[in-house]
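Chains as they are written, first to last, in my numbering: chain A, 607 to 757; chain B, 195 to 752.
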């Protein structure tokens, strides 16, 4: 888009002030004006979005296998899937669906949340607590106090 | 009914359930509700004193519990074990759909919604697509979701209420129907009282009470009957071999397709349900939004890994005390819906203890219904009445309209629940189909594709509503006005009401994308709001994407 000249120069100056010590990912981050980069799930436009979506799609693929894999296999090879498991006594298909799918989705969500935290770290992003959020009441005040956007 | 393969009769009566008035369980129900109110009242004070001022915000664990409490309706508490007992392997589609959906919510929507900063479906849709019509459709959808969801809850309350209060015998009504009327009256009373007190629900406390009631039931039944010791959630595996093969055999009465359609529908419904979104309102930042989803899923799993175990114990106890679970006559859906309570009763546990389990189910249902009614009435009073019908509406008129819509919701829910079309979990999943078909695509595309525009959203939502409505008319309407059989069995097979979102979601996506592509792009202001949702820059607690975008220089449009 064409309306980004002022914001870009601010982003650039921020990089110059504390240049050398930051990682390239963090530098990318500082040079990006996120409000001027298109959002399209299939066409990530910023380095951060690309890295984030890689995690999202891997997670989604694994999720699809965990959730719909066992039941599909049960439809294809019922005899194999109905094998009784030693110790726990469950038929395999029942175990994978009743415990495997929900439990797997939970482990996957921990994986994702951690990956996403690591991503923030790599890009030098810190999530503040409520203290730096400005005083109560004015949403707009809070917006102004928040240094997140070029302003 | 396609959902559970059972035939229903008007005067529902769970066979084997001890139907009589019992004082201790009655006290427990009242005590639980009063406790919810009292704690809500206490927290109201804390709220004003400075939820924001003192920087008190809801953290991961607490918000996770709130997410869990949200989920603890009669559908989870009673309905899930019921479908697992009645329909065996098919019932697991509910366990899977209602839990794994949270992962999709987590990776695609939780943090972005937090950043967008609008927490009711009508607000999000109206602001994202700059359209009062879109807002109105979302409001109507919210109202419908509340209504359909509540029918299932009312059925649950009516059935479990029979154990606690007996057959109160209102003239002209069966025992079950009388109980539905009584329970709905109690619900509206609870709602009014909590409104008068200004009580905010304390979801964390509610979660703890309900999960304790449920798990206590499971552990004690398992232990006293020799089924399990410390981990019934896994130990029931040993029992499966001893149960009828219908309990675990795959695709006996329900096809693979129906299984997938149901699970898919429940997953997208989870991501589209308005009351799930609200839970991200109070979190500190988007990181908390993510981690509290992880915690929330853990708290939900506590219930969801336990429900199949409860179903297995209940099925075994039913078979040895009452009769064959499957076949003719088999367990009725009414008995199935109270299997959790029935299991405790058949295990010959003391009345007060069975009452605790039953009270948990009723409290879960009442708390859920009151939340749904509040959301539904605010959609009518705020989003439709004062936004569209009468823009100069005074505060008093708005409140009046809100109250009238609660009464209306109460009445239609009661009527629809007198002779409900399906077991609890199936009824509730109609609401999930609706949320998945209409709201999920709007949330998803609205957040992930900035060029989704007003025309696309309107076309998409109308498509979703239509595709949801067709199987409802085909399958559910005839249970009220016809023979009970679907008008078109073929349609019921491929677009089942219980899983219609499997068909609807791809179509709604296609329509929304196509219409958005052939019409003008949304204004730059809107696009920047969407971009703000994905920026990794931290946002402060009370900021919305709108604030940020308006605050910065945006010389281009508007």
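Note that the Cβ used here is the ideal one computed from N, Cα and C, for glycine as well.
Practice item. Please report the residue range of the alpha helix (DSSP H) in which residue 254 (chain B) lies. Key: Bounds of the alpha helix (DSSP H) holding residue 254 (chain B) are 254–265.
- Helix, strand or coil: which one does DSSP assign to residue 502 (chain B)? Residue 502 (chain B) carries a helical assignment under DSSP once its states are collapsed to helix, strand and coil.
Beta-carbon of residue 599 (chain B) versus every beta-carbon of chain A: anything under 8 Å? It does not: the Cβ of residue 599 (chain B) has no partner Cβ on chain A nearer than 8 Å.
Discussion item. Taking 8 Å as the threshold (C-beta atoms), are residue 343 (chain B) and residue 622 (chain B) in contact?
Written reply: Result yes, Cβ atoms of residue 622 (chain B) and residue 343 (chain B) sit closer than 8 Å.
Start and end of the alpha helix (DSSP H) containing residue 326 (chain B)? In the DSSP assignment, residue 326 (chain B) falls within the alpha helix (DSSP H) that extends over 326–359.
What is the DSSP secondary structure of residue 676 (chain A), reduced to helix, strand or coil? In the structure shown, residue 676 (chain A) sits in a helix (DSSP, three-state: H, G or I).
**Item:** residue 665 (chain A) at chain B interface by Cβ criterion, 8 Å
**Value:** True, the Cβ-Cβ gap to chain B drops below 8 Å.
Worksheet item: Closest Cβ-Cβ distance between residue 644 (chain A) and chain B: below 8 Å?
Response: It does: the Cβ of residue 644 (chain A) has a partner Cβ on chain B nearer than 8 Å.
Let's test the definition: count the other Cβ atoms within 10 Å of the Cβ of residue 643 (chain A) and tell me whether it reaches 16, buried, or not, exposed. Burial call: buried.
Considering only heavy atoms of the ligand HEM, does any lie closer than 7 Å to the CB of residue 586 (chain B)? As far as ligands go, the structure on display features none, and thus does not contain the ligand HEM.
**Asked** If you measure from the beta carbon of residue 722 (chain A) to each beta carbon in chain B, is any gap under 8 Å?
**Response** Taking a beta-carbon distance threshold of 8 Å, residue 722 (chain A) counts as an interface residue toward chain B.
Exercise. DSSP three-state call for residue 207 (chain B): helix, strand or coil?
Worked result: Correct three-state label for residue 207 (chain B): coil.
*Quick one, are the C-beta atoms of residue 207 (chain B) and residue 506 (chain B) less than 8 Å apart?*
Here residue 207 (chain B) is not near residue 506 (chain B), since their CB atoms are 8 Å or more apart.
**Asked** By Cβ distance, which residues of its chain are closer than 7 Å to residue 726 (chain B), with the 5 residues on each side in sequence left out?
**Response** Hits under 7 Å: 309, 739, 742, 743.
Ordered along the chain, which non-local residues of its own chain (more than five positions away) have a Cβ less than 7 Å from that of residue 612 (chain B)? Within the same chain, residue 612 (chain B) has close Cβ partners 371, 374.
Pair within 8 Å by beta-carbon distance, residue 548 (chain B) and residue 532 (chain B) = Taking 8 Å as the cut-off, the beta carbon of residue 548 (chain B) is found no closer than this to the beta carbon of residue 532 (chain B).
Q: Starting from the beta carbon of residue 689 (chain A), find every residue of chain B whose beta carbon is closer than 8 Å, and list them in chain order.
A: One finds nothing in chain B with a Cβ atom closer than 8 Å to the Cβ of residue 689 (chain A); even the nearest lies about 12 Å away.
CB contact below 8 Å: residue 653 (chain A) versus chain B:
Cβ-Cβ to chain B under 8 Å: no for residue 653 (chain A).
Straight-line gap, residue 663 (chain B) to residue 285 (chain B) (C-alpha atoms, nearest Å)
Each residue's alpha carbon lies about 24 Å from the other.
#### Entry: Cβ of residue 582 (chain B) within 8 Å of any chain A Cβ
Not closer than 8 Å to any Cβ of chain A, the Cβ of residue 582 (chain B) fails to qualify, so no.
For this session: Rank B:511, B:444, B:571 by C-alpha distance to the C-alpha of residue 682 (chain A) and give the top, closest one.
Result: Comparing alpha-carbon positions, the option among B:511, B:444, B:571 lying closest to residue 682 (chain A) turns out to be B:444.
Any idea if residue 301 (chain B) is buried or exposed, counting beta-carbon neighbours within 10 angstroms, 16 or more meaning buried?
So residue 301 (chain B) counts as buried.
* Asked: chain A beta carbons: is any one of them nearer than 8 Å to that of residue 610 (chain B)?
  -> No, its Cβ sits nowhere closer than 8 Å to a Cβ of chain A.
Notebook entry, point to check: According to the Cβ coordinates, are residue 466 (chain B) and residue 637 (chain B) closer than 8 Å?
Noted result: Yes, they are a contact pair.
message: Considering only their Cβ atoms, is the gap separating residue 710 (chain B) from residue 665 (chain B) smaller than 8 Å?
response: Here residue 665 (chain B) is not near residue 710 (chain B), since their CB atoms are 8 Å or more apart.
What residues in its chain sit with their C-beta under 7 Å from that of residue 209 (chain B), if we drop five residues either side in the sequence? Annotation for residue 209 (chain B): 516, 526, 529 place their beta carbon closer than 7 Å to its own, counting only its chain and skipping 5 residues before and after.
#### Entry: Rounded straight-line distance, which links the Cα of residue 690 (chain B) to that of residue 684 (chain B)
Cα to Cα, residue 684 (chain B) sits roughly 9 Å from residue 690 (chain B).
field: Distance CB(residue 521 (chain B))-CB(residue 279 (chain B)) smaller than 8 Å
entry: Cβ atoms of residue 521 (chain B) and residue 279 (chain B): not closer than 8 Å.
Review point. Nearest chain B C-beta to residue 675 (chain A) closer than 8 Å, yes or no?
Key: Taking Cβ atoms only, chain B never reaches closer than 8 Å to residue 675 (chain A), which makes this a no.
Problem - Under 8 Å between C-beta atoms of residue 409 (chain B) and residue 421 (chain B) - result: Against a cut-off of 8 Å, the Cβ pair of residue 421 (chain B) and residue 409 (chain B) comes out as no contact.
Considering only DSSP beta bridges, list what residue 690 (chain A) is partnered with.
Its beta-bridge partners are A:697.
Q) Does residue 671 (chain A) come within less than 8 Å of chain B when only Cβ atoms are used? A) No, residue 671 (chain A) does not count as interfacial toward chain B.
Beta-ladder partner(s) of residue 646 (chain A), from DSSP
The partner list for residue 646 (chain A) (beta bridge, DSSP) reads B:643.
request  = Mind checking which residues open and close the alpha helix (DSSP H) that includes residue 464 (chain B)?
outcome  = Per DSSP, the unbroken alpha helix (DSSP H) holding residue 464 (chain B) starts and ends at 450–466.
Threshold first: 4 residues or longer. Then list the alpha helix (DSSP H) segments lying entirely within the segment 599–668 of chain B, N to C.
You should have 618–628, 634–642, 648–665.
Give a yes or no on contact between the segment 638–646 of chain B and the segment 470–481 of chain B, applying the rule of three or more CB pairs nearer than 8 Å.
Contact fails: fewer than three Cβ-Cβ distances are below 8 Å.
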